[in-house]
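Written below as structure tokens is the structure these notes are about.
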Amino acid sequence: MLLDLRKINQLIDLWLDEDVNYYDLTAKIMVDDDAVAKFGMNAREPIILSGLKIAEMVFRKMDPDCSFETNYKDGDIVGKGETFAVIRGNAQALLTAERVALNLVQRMCGIAGLTAKYVKAIEGTGATLLDSRKTTPGLRMIEKYAVVCGGGRSHRLGLDNGIMLKDNHIAVAGSIAAAVKRAKAYAPMLTKIEVECDRLDQVEEALASGVDVIMLDNMTNNDMATAVEIVNKRVLLECSGGVRLDTIRAKAETGVDFISVGRITQSATCVDIGLDDI
0 MLLDLRKINQ LIDLWLDEDV NYYDLTAKIM VDDDAVAKFG MNAREPIILS
50 GLKIAEMVFR KMDPDCSFET NYKDGDIVGK GETFAVIRGN AQALLTAERV
100 ALNLVQRMCG IAGLTAKYVK AIEGTGATLL DSRKTTPGLR MIEKYAVVCG
150 GGRSHRLGLD NGIMLKDNHI AVAGSIAAAV KRAKAYAPML TKIEVECDRL
200 DQVEEALASG VDVIMLDNMT NNDMATAVEI VNKRVLLECS GGVRLDTIRA
250 KAETGVDFIS VGRITQSATC VDIGLDDI
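Under numbering that gives the first Met the number 0, read the sequence shown as residues 0 to 277, first letter to last.
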């Protein structure tokens, strides 16, 4: 998944505006206008990198002429104590950009690291880890990008990326068959249709309706294994609901194709990264 740098550039203005407001009072008072500084971004714990380009863009927003040097790329593992980027430029500008750049990279690396743990837990099962729309408002693009850096895949970037028929949509339509029929009549040609099912009889109805993906929502592992037999690879199956690091392996072993996990974006802890004078 590629970052839309145009959108990121717009968001950086908002992020800096929130933090700086009129100007960085401390930097203006304490640092000469023409002072030059050199800082290193240091991992204070083992991390999986995510957000290098965004950090560079934040610093360059404050100082377009600053240099940002790194021998790493997003997705790389960085050990505790390692310096993974060096920034040189106007001292006032770099100090003003510091907190925003660190906040973003710390958040993204935290998500990438947690995602990698979930990916490792289902290794060899054939299931693929997906994220969800349970993201921080305003940070969806970068949080979903961080999931990819950790080895996961994106489900939907937004509501316009696919048709997901949940229980309330089905209730309004009257049945799964009626909901799918209406969706097929109006959906763009390349748009996939997914139906959420929490019972095996719904799985059979969704399959007969010709959907592309069936989501097994909060089903027991036994019911999911039965659903896999019923579907017999005719459509893709996604497992969702209550998935944790200690339960995901058993769910993957039922034979589902995808497992979506809200926790990888909702519950990830920011890692410890510092910006130190060098």
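All C-beta atoms, glycine included, are put in the ideal place defined by N, C-alpha and C. Quantities reported herein were computed from a predicted structural model and do not represent experimental measurements.
DSSP places ARG98 within a helical segment (H, G or I) once states are collapsed to three.
About 23 Å separates the CB atoms of LYS79 and GLU55; that is not less than 8 Å, and the two are not in contact. By the Cβ-count criterion, THR135 is exposed, with fewer than 16 other Cβ atoms from all chains shown falling within 10 Å of its own Cβ. Put simply, the backbone Cα of LEU156 is about 19 Å away from that of ALA267. Cβ atoms of ARG248 and ILE86 stay farther apart than 8 Å, at about 41 Å. Residue environment: LYS72 is assigned as exposed (fewer than 16 neighbouring CB atoms within 10 Å of its CB, all protein chains considered). Going by DSSP, VAL146 is part of the alpha helix (DSSP H) stretching over 139 to 148.
Contact annotation: ALA178 and LEU164 have beta-carbon atoms nearer than 8 Å. The shortest C-alpha to C-alpha distance from ARG152 to any of ASN167, LEU138 and ALA126 is the one to ALA126.
Residue state for GLU237 is assigned as strand, using DSSP reduced to three classes. CYS196 is not a Cβ neighbour of ASP211, given a cutoff of 8 Å. Within the DSSP bridge table, the entry for SER259 names LEU129 and SER239 as partners.
At a Cβ-Cβ threshold of 8 Å, PHE58 and LEU93 count as neighbours. Boundaries of the beta strand (DSSP E) harbouring ASN89: 82 to 89, taken from the DSSP string. Note that the C-beta distance between THR124 and GLU252 is below 8 Å. Segment contact: the segment 97 to 113 against the segment 29 to 48, three or more CB-CB distances shorter than 8 Å; contact assigned. Per DSSP, GLU203 is one residue of the alpha helix (DSSP H) stretching across 199 to 208. Here MET61 is not bridged, per DSSP, to any residue.
Restricting attention to LYS52, ASP75 and THR25, the CA atom closest to the CA of ARG5 is found in LYS52.
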